[in-house]
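I have placed the structure first, in the form of structure tokens, so that the comments after it can refer back to it.
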Amino acid sequence: GEPTGTVVKHLEARSTSSLLFEIIRGDLDNRFSINPSTGIVTTNWPLDYETVRIYNLSVTATNMAGAKAVCQVIVHVLDRNDNPPHFLETNYFGSVAEDAMIGSLVLTNSSAPLVISAQDSDSQVNALLQYDIVEPAARRMFHIDSTTGAIRTVMSLDYETMPVIKFGVRVTDLGQPRMSSETTARVEISVLDVNDCPPVFTHSEYNASVLLPTYKNVVIAQVNATDGDSRGLTTLRYSIVSGNEDGIYRIVENKGAIIVRDTTRGARSAPHRIRVAVTDGKYTSHAHVNIKWERSSDSGLVFQRPIYQGSVLENSTKPLTVAVVNVLGSQLNEHLVFSILNPSPLFKIGRTSGAVSTTGLRFDRETQDHYQLIVQARSEEFGDAVRIAQVPVNITVLDINDNCPMFVNLPYYAVVSIDAQKGDVITKVHAVDLDSGENGEVRYELMKGHGELFRVCRKTGEISLKQPLESHNKDYTLSIAAYDGGQSPCSTEVSVTVKVVDRSMPVFDKQFYSVSTPEDVSLHSPLPVNIKAESPLGRKLIYSIVAGDPYEEFAVDFSTAPDTNSGPCVLYVADELDYESTQQYALTLRATDSVTAVFAEVLVSVLVTDVNDCPPEFPTDSYNVSVSEAAPFGSL
166 GEPTGTVVKH
176 LEARSTSSLL
186 FEIIRGDLDN
196 RFSINPSTGI
206 VTTNWPLDYE
216 TVRIYNLSVT
226 ATNMAGAKAV
236 CQVIVHVLDR
246 NDNPPHFLET
256 NYFGSVAEDA
266 MIGSLVLTNS
276 SAPLVISAQD
286 SDSQVNALLQ
296 YDIVEPAARR
306 MFHIDSTTGA
316 IRTVMSLDYE
326 TMPVIKFGVR
336 VTDLGQPRMS
346 SETTARVEIS
356 VLDVNDCPPV
366 FTHSEYNASV
376 LLPTYKNVVI
386 AQVNATDGDS
396 RGLTTLRYSI
406 VSGNEDGIYR
416 IVENKGAIIV
426 RDTTRGARSA
436 PHRIRVAVTD
446 GKYTSHAHVN
456 IKWERSSDSG
466 LVFQRPIYQG
476 SVLENSTKPL
486 TVAVVNVLGS
496 QLNEHLVFSI
506 LNPSPLFKIG
516 RTSGAVSTTG
526 LRFDRETQDH
536 YQLIVQARSE
546 EFGDAVRIAQ
556 VPVNITVLDI
566 NDNCPMFVNL
576 PYYAVVSIDA
586 QKGDVITKVH
596 AVDLDSGENG
606 EVRYELMKGH
616 GELFRVCRKT
626 GEISLKQPLE
636 SHNKDYTLSI
646 AAYDGGQSPC
656 STEVSVTVKV
666 VDRSMPVFDK
676 QFYSVSTPED
686 VSLHSPLPVN
696 IKAESPLGRK
706 LIYSIVAGDP
716 YEEFAVDFST
726 APDTNSGPCV
736 LYVADELDYE
746 STQQYALTLR
756 ATDSVTAVFA
766 EVLVSVLVTD
776 VNDCPPEFPT
786 DSYNVSVSEA
796 APFGSL
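The sequence shown begins at 166 in this note's numbering and counts up by one.
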């Protein structure tokens, strides 16, 4: 930074004759020059500490006889505070909860402390930085560590008052003269909302009137509450806390609409004063609703029909008019307003036309096949009296064939004796269809699989023999379809396994069994599964586990007493189970005829469920880590 021509060093040498000084090495960029006769080293132009910090010059001195001497001149360039600091980023973003304690760090989206960072190309004290918040208002809310750039709160914050705070940060070095950044860093801190505001009803008292006759599910009042917290942070829930012991009213939990549930009791016990509450999950507020029941006087208004009927096709999403209500008795130029007293998102009504139409939402007959809307016509222009008329509108959802038959009580497994005769019913399949009318009627057909031996009843689904069977220990697989009666029939197929057995072979009541048990089940505890086989000849059966239990963790218990009938087999735990070792067992259970030793086998699946019986463990006993003392806050 010194000007051109600055003296660096005066070199001296002894000689009886005059000397010639010359720089022979180390001055690659020609930064220095030396007076050939005096030996004074000067700069050719200013030096830059940030570019080269040290020069090693080789200088020769030559006398008139040609003798030479060489010396080294080491030039250390001293730093001068000639570089202003600059921020590593232009914008910084952080957040802090509004209930954070004073002194809390502002964090980034990754939950690391927000640190404002800058650099200075100078060295030592010239590179030491000091951070300051520019705006006085922001300094009342936040403090920035002058050396690290970390930001902390210095006062309590309030999301509802100021959800976002923006300010600038200036950085200055400690050199002489002190230099500041050319620009300020912009900091934006979001105050995170917490649930610190109770909900408040718009009124402490509400008044409502119910005109008789009324109908179930008619909305008679609407209570509303607001919450100062941000939308989405809390959900308001409404409830009736007192005054509704008879259950006359109910309130829509998420909307605050008060609805008539019991019209008979309400008319007998009116008036009512109920207390309602609203909560955001933490805070609760209350209000009162005064409800008066009164019989409407003859207003002269009457609907053209006592009941209106309409229909809509299920799955329809096209808005269409389903009914138009007409009022008799209105005066010339009298303005009537129509409304639905028990509103539904599926329907709307023209305020002046009385046309009831769908909104375009899909109808599902299997969920709800009928709707009753209560339509009111109201006029307030006929003198001082309020003229009102009400009428029900019944809307039927028409069925379409959008459901296929579904087989129930799956899987199907039948065991038939070799002695079975023609016409014997061996099992029955059953399917249900959620549609109505012909769309819901089910018929059965044998699609494939030994139609010469078996038949299925189209109406009942009973499977019977066409002829006696010839060999035992043979399995047949039948494919049976269930069709509905729609114009475009929908069908479902199911497989039925038929096993032909010897007349003395035991028969299990199911094709397979499954059960689940926690791994900490007590020893000798029976599992909740009912395993049972029967002998066609009424003989006692002996049960045993023949496969799937190599460590004998299960056992069976049964009775073969001569004075008792063969009851079910009890499967119980004989040894401790461990979910971490084995999650599922596939046991093969055998029932053996006690006289002939003929047996049948069945698969039992035992699913072991996990319990919290293992403490957490670190993969290693110790961890070693090194961190620099200069590491900024939030470094990983």
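Glycine included, each C-beta is placed from N, C-alpha and C at the ideal position.
Own chain residues within Cβ distance below 7 Å of residue i, not counting five before or after
i	result
Arg335	Asp297, Val299, Ser345, Ser346, Thr349
Cys362	Glu325, Asp392, Gly393, Asp394
Ala292	Asp285, Asp338
Ala795	Its pLDDT being 47, under 50, Ala795 is placed unreliably by the model, and nothing is read from it.
Asp775	Glu684, Tyr744
Ser461	Leu376, Leu377, Ile553
Glu782	none
When the options are compared against residue i, the one with the closest alpha-carbon
i	options	result
Asn146	Asn491, Leu501, Gly231, His368	Since the first and last residues shown for the chain are 166 and 801, residue 146 lies out of range.
Leu377	Tyr220, Glu745, Arg430	Arg430
Val573	Thr761, Asp567, Asp598	Asp598
Ser770	Ser681, Leu742, Glu745, Glu699	Ser681
Glu617	His689, Arg623, Lys587, Ala442	Lys587
Lys447	Leu176, Val359, Leu243	Val359
Asn455	Lys593, Leu466, Arg440	Arg440
Val767	Asn695, Ser504, Glu718, Glu479	Asn695
Thr273	Ser260, Glu745, Val356, Ser183	Ser260
Ala283	Ser311, Lys513, Ala234, Met306	Ser311
Pro168	Asp192, Thr181, Arg245	Arg245
Pro683	Val356, Leu772, Pro484	Leu772
Gln632	Val581, Val406, Ile316	Val581
Pro201	Leu193, Ile188, Asp213, Asn256	Ile188
Gln496	Gly465, Phe503, Lys705, Gly519	Gly465
Ile710	Val735, Met229, Leu688	Val735
Ser182	Gly713, Arg623, Ala232	Ala232
Tyr648	Pro471, Gln387, Thr486, Asp600	Asp600
Lys483	Phe528, Ser450, Val467, Ser690	Phe528
Cys569	Tyr788, Gly650, Gly170	Gly650
Glu257	Ala315, Ala230, Met306	The question names Glu, but residue 257 is Tyr in the sequence shown. Per the Cα distances, Ala315.
Leu836	Thr642, Glu635, Ala277	Lying before the first or after the last residue shown, residue 836 is absent from the chain, which here runs from 166 to 801.
Contact under 9 Å by Cβ, residue i with residue j
i	j	result
Thr400	Asp463	no
Val173	Thr225	no
Ala751	Ala765	no
Gln474	Thr561	yes
Leu538	Asn491	no
Thr532	Leu511	no
Asp427	Lys381	yes
Gly421	Gln387	yes
Gln676	Pro576	yes
Arg196	Asn209	yes
Ala698	Phe673	yes
Ile591	Ala579	yes
Cβ neighbours of residue i in the same chain (closer than 8 Å, five flanking residues each side left out)
i	result
His813	For residue 813 there is no data in the structure shown, the boundaries of the chain being 166 and 801.
Leu176	Phe186, Ile199, Gly204, Ile205, Val206, Val224, Ala226, Cys236, Val238
Asp786	none
Val790	none
Tyr737	His689, Ser690, Pro691, Leu692, Phe719, Ala720, Val721, Asp722
Rounded distance between the beta-carbons of residue j and residue i, thought under 8 Å
i	j	result
Ala802	Val558	Absent from the structure is residue 802, since the part of the chain shown begins at 166 and ends at 801.
Leu279	Pro250	Their Cβ separation, rounded to whole angstroms, is 19 Å, which puts Leu279 and Pro250 out of contact at 8 Å.
Val319	Ile267	6 Å
Ser700	Pro654	About 43 Å separates the two Cβ atoms, so there is no contact after all.
Leu478	Leu563	5 Å
Gly191	Tyr220	6 Å
Ile583	Asp667	6 Å
Val417	Pro364	Actually they do not touch by this definition, with Cβ atoms about 16 Å apart.
Gly713	Thr753	5 Å
Ile413	His451	About 19 Å separates the two Cβ atoms, so there is no contact after all.
Own chain partners of residue i with C-beta closer than 6 Å, once the 5 adjacent residues on each side are dropped
i	result
Ile354	Gly259, Val271, Ile330
Ser669	Leu702, Asp758, Thr761, Val763
Ile514	Phe503, Ile505, Val521
Leu357	Ser260, Ala262
Gln541	Ser504, Leu506, Gln555
Arg623	Arg608, Tyr609
Heavy atom of the ligand PLP within 8 Å of residue i beta-carbon
i	result
Ala712	The ligand content of the structure shown is nil, which means the ligand PLP is not present either.
Inset, instruction - May I have a chain-ordered list of the alpha helix (DSSP H) segments no shorter than 4 residues that lie completely inside the region 268-341? - result: 301-304
Legend entry - Contained beta strand (DSSP E) runs [length at least 3] in the region 630-683, N- to C-terminal order: Counting whole runs of 3 or more residues, the region 630-683 contains the beta strand (DSSP E) stretches 639-649, 656-666, 677-683.
Legend entry - Every unbroken beta strand (DSSP E) within the region 431-483, with a cutoff of 3 residues, ordered by chain: As for any beta strand (DSSP E) of minimum length 3 sitting wholly inside the region 431-483, the runs are 437-444, 449-460, 473-478, ordered along the chain.
Legend entry - Any alpha helix (DSSP H) of 4 or more consecutive residues that is wholly inside the region 738-787: none
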